[in-house]
Amino acid sequence: MTIFALSTVEGQSGIAIIRVSGPLSKKTLEHLTGKKPKPRLTTLTKIKTLDKKIIDEGLIVYFPKKQSFTGEEVAEFHIHGSTAIIDKLLKELGKIKGLRPAKQGEFTKQAYLNGKMNLLQVEGLSSLIQAETDAQRKIALEAYLDQNSKIHFIWLQELKRALAYIESSIDFSDEDIPESLLSTAKKQIKKITAKIKKHEKTFEDKKRIKDGIKIVILGIPNSGKSTLINYLSGKKIAIVSKKAGTTRDILNQKLNIKGIPVTFYDTAGLRRSKNDIEAEGNKRAEKIAKKADIKLYLGSNNIKKPFGNIVIDKSKNNLVVINKSDLKKKHNEKPNLTISLKNNKSLDVLWKKINQKIKSLSNTSSGPSITSEREYTHIVKSIEILENINFNDVSLTAEDIRAVINEISEITKKTDNEDILDIIFNEFCIGK
Ligand SMILES: Nc1nc2c(ncn2[C@@H]2O[C@H](COP(=O)(O)OP(=O)(O)OP(=O)(O)O)[C@@H](O)[C@H]2O)c(=O)[nH]1
Ligand SMILES: [Mg+2]
Numbered sequence: 568m569t570i571f572a573l574s575t576v577e578g579q580s581g582i583a584i585i586r587v588s589g590p591l592s593k594k595t596l597e598h599l600t601g602k603k604p605k606p607r608l609t610t611l612t613k614i615k616t617l618d619k620k621i622i623d624e625g626l627i628v629y630f631p632k633k634q635s636f637t638g639e640e641v642a643e644f645h646i647h648g649s650t651a652i653i654d655k656l657l658k659e660l661g662k663i664k665g666l667r668p669a670k671q672g673e674f675t676k677q678a679y680l681n682g683k684m685n686l687l688q689v690e691g692l693s694s695l696i697q698a699e700t701d702a703q704r705k706i707a708l709e710a711y712l713d714q715n716s717k718i719h720f721i722w723l724q725e726l727k728r729a730l731a732y733i734e735s736s737i738d739f740s741d742e743d744i745p746e747s748l749l750s751t752a753k754k755q756i757k758k759i760t761a762k763i764k765k766h767e768k769t770f771e772d773k774k775r776i777k778d779g780i781k782i783v784i785l786g787i788p789n790s791g792k793s794t795l796i797n798y799l800s801g802k803k804i805a806i807v808s809k810k811a812g813t814t815r816d817i818l819n820q821k822l823n824i825k826g827i828p829v830t831f832y833d834t835a836g837l838r839r840s841k842n843d844i845e846a847e848g849n850k851r852a853e854k855i856a857k858k859a860d861i862k863l864y865l866g867s868n869n870i871k872k873p874f875g876n877i878v879i880d881k882s883k884n885n886l887v888v889i890n891k892s893d894l895k896k897k898h899n900e901k902p903n904l905t906i907s908l909k910n911n912k913s914l915d916v917l918w919k920k921i922n923q924k925i926k927s928l929s930n931t932s933s934g935p936s937i938t939s940e941r942e943y944t945h946i947v948k949s950i951e952i953l954e955n956i957n958f959n960d961v962s963l964t965a966e967d968i969r970a971v972i973n974e975i976s977e978i979t980k981k982t983d984n985e986d987i988l989d990i991i992f993n994e995f996c997i998g999k
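Going by this note's numbering, the sequence shown opens with residue 568, and the numbers climb by one from there.
Pasting the structure below:
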C-alpha cells in the first residue's frame, strides 16, 4: 500500500511537505508533474492535478526503495504552505488508485518494519519530535541514535559467556563440577548485575527531564504563595490579596529552567476551614502535593507558627522558606531561607536554591540512559532474575541466565505484536 500525508504542521507556513511512501510513490510524482525525477535530487516543477491544472510550483524529491526514511519508495512534494494548496494536493493524491492517507506514525512504522530502526529508536524519535527543551532533545537524540543497544549488546555477549561456563559444568556430576568454572560464572554474573543496576538508576533522572519537574508551593493562607508564583513566572497569574484564603484552585506555570521543563503549582493555603470551597481547595492542594518532586513550603515571618499545623516533609528534595522578612519575626523556626517578596530580599538566593534542587533531581550528564518505560520494565525484570539466581543447581542457573538474555533481547528485538506497536506508534502524529 502507498500512503501519503502532510508531514509539516497544518496551517500557514513558508513551505509544507507532503510525503508519499510505498510502491506507487515514483509513479505518483510522474502523474502529478509529468517529470521523471532523478533519485535524491530536487527538481523545481509545476505540480498539477490529474487533469493537468496547475496546483502550485514547488520542489519534488524522489527516494528509491531502501534509500529512504521508510525503506519504501518515497516521494516528497515541497509546496507553498497554504491551507488551500495543501488541501488541493492531498485531495488529488486521494484520487489516485492504490494511495490512501497515512495513519499516525505510519511512515515510522514502515521504517521499523523494514528494519530501518529498532523499537528503542522509534521511541527516541517520538520523544525527539515532542522535545520542548534542550535537555529533552539531548536524551531523545541519544535514544534515536541508538546509544543503548550498544550496551545491551555488550551485556548479551557477557551473559552468553557466563551461560557457556554454566552449560559446560552441566556435563559434570554435581560433586565433580570444577570450582573454577562456577566461580568464574558467578563473578561474571555479579559484574553484569552491577552494570545493569547502574543503568537502571538513570531512569528516574531522565524521566524527570522527559516529564518535567513539579514544584508545589505549600503553606498556610496569606504566607505569600500566590505572590511567589507570580514572581517566579514573571506574570500575574494568581490573585494576590491580604484576605486569607484567596486561592482555592490549583494554578500552574510551566517554565524552561536551563533546559529542564519545570512546573510550579500555587495552592490553597492549608488550614482547617468551615467553608466548603476552601476545604475543597485544601484537598486539592494535598493531592497535588503528593505528586510533587519538590515541595516548597512558604511560611510567614510575622506569626508564631509560620507553617501553622502543616507537617513539613523535611526530605532533601524539599525547600523550607519563610517569607515577609520585612515584618517583625515572631517565631523560632530554622528554615532553609528567609525572604521578602515585598522587598525583593534574598530572592536571588531562592532562585539558586531552586536551581540546585532541580539539578540534583535531573542528572543531565550524557551517556546511555533509560528513557523508555518499556526498556525500564525489562531491565527491572532482568535485575530481579539476576539477583535471585540459584547457583546450587546449574541447570536452574542456566535457565535463569537464558531468561535474562531473553529480557534484554526483547528491548530491541523486532516484534509484530500489534498491541505493543499500537501503543508506540499512536504516540506519533500523522505525517511522521
Ligand atoms: N509584608 C509583606 N507582605 C507580603 C509579602 N509577600 C506577600 N505579601 C502580602 O501578603 C498578602 C497575601 O499574599 P498572597 O500571595 O495572596 O498569599 P497566599 O499565600 O497566596 O494566600 P492564600 O491564597 O490566601 O493562601 C498580600 O497582601 C501580599 O501582598 C512580603 O514579603 N512582605
Ligand atoms: Mg494565594
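Cβ coordinates follow ideal geometry from the N, Cα and C atoms, glycine included.
Going residue by residue through the region 775-801, where are the continuous beta strand (DSSP E) segments of at least 3 residues, counting only ones entirely within it? 780-785
Item to complete: Verify the contact flag: Thr794, CB atom, against every heavy atom of ligand 1, threshold strictly below 7 Å.
Response: Correct: Thr794 has its Cβ closer than 7 Å to ligand 1.
Checklist line | CA-to-CA distance, Asp880 to Thr979, given in whole angstroms | finding: 41 Å
Hey, how far is the Cα of Ser882 from the Cα of Asn973?
Cα to Cα, Ser882 sits roughly 39 Å from Asn973.
Query raised in the report: Looking at C-beta atoms only, is the number of pairs between the region 710-730 and the region 682-697 that lie closer than 8 Å three or more?
Result: Three or more Cβ pairs closer than 8 Å define a contact, and the region 710-730 meets that threshold against the region 682-697.
* Asked: Rounded to whole angstroms, how far is the Cβ of Glu985 from the Cβ of Ser693, which I believe are closer than 8 Å?
  -> Incorrect: roughly 17 Å between the Cβ atoms, too far for contact.
Requested in this report: Confirm, please, whether the CB-CB distance from Phe831 to Ser800 is below 8 Å.
Outcome: Yes, they are a contact pair.
Inter-stretch contact (C-beta, 8 Å, three-pair minimum) for the region 808-819 and the region 895-906
no
Hey, would you say Val641 sits closer than 8 Å to Val576, going by beta carbons?
no
Using a Cβ-Cβ cutoff of less than 6 Å, which residues in the same chain neighbour Val807 once the five nearest sequence positions on both sides are dropped? Ser793 and Thr794
Got a sec: does ligand 1 put a non-hydrogen atom nearer than 7 Å to the Cβ of Val807? yes
Among the residues of its own chain, which have a CB less than 6 Å from the CB of Gly826, if the five just before and after it don't count?
Thr700, Asp701 and Ala702
For this session: Answer yes or no: the CB of Asp893 versus the heavy atoms of ligand 3, is any distance below 7 Å?
Result: Of the ligands one can find in the structure shown, namely ligand 1 and ligand 2, none is ligand 3.
Hey, how far is the Cα of Ile946 from the Cα of Arg838?
-> Going from the Cα of Ile946 to the Cα of Arg838 covers about 44 Å.
- Query: Taking the Cβ atom as the reference point for each residue, do Ile804 and Leu822 lie within a distance shorter than 8 Å?
  - Reply: no
Exercise. So Asp833 is in the alpha helix (DSSP H); what residue range does that whole segment cover?
Worked result: Where Asp833 is concerned, there is no enclosing alpha helix (DSSP H), although the beta strand (DSSP E) it sits in stretches over Ile827 to Asp833.
Rounded to whole angstroms, what's the CA-CA distance from Phe674 to Leu573? Just pull it up for me. So the alpha carbons of these two residues sit roughly 11 Å apart.
Quiz item: According to DSSP, what are the bridge partners of Gly601?
Solution: Partner(s): none; Gly601 has no beta bridge.
*In chain order, which continuous runs of the alpha helix (DSSP H) of length 4 or greater are located wholly inside the region 673-711?*
673-680, 686-697 and 701-711
So Phe1000 and Lys753 are in contact, right, with Cβ under 8 Å, and what is the actual spacing, rounded? The structure shown does not extend to residue 1000, since the chain is modelled only from 568 through 999, so no value can be given for it.
Notebook entry, point to check: Helix, strand or coil: which one does DSSP assign to His898?
Noted result: coil
Heavy atom of ligand 2 within 7 Å of Asp833 beta-carbon
The answer is yes for Asp833.
Beta bridge counterpart(s) of Gly625 as assigned by DSSP: Thr612
Which one or two residues does DSSP pair with Thr637 in a beta bridge? According to DSSP, Thr637 bridges with nothing at all.
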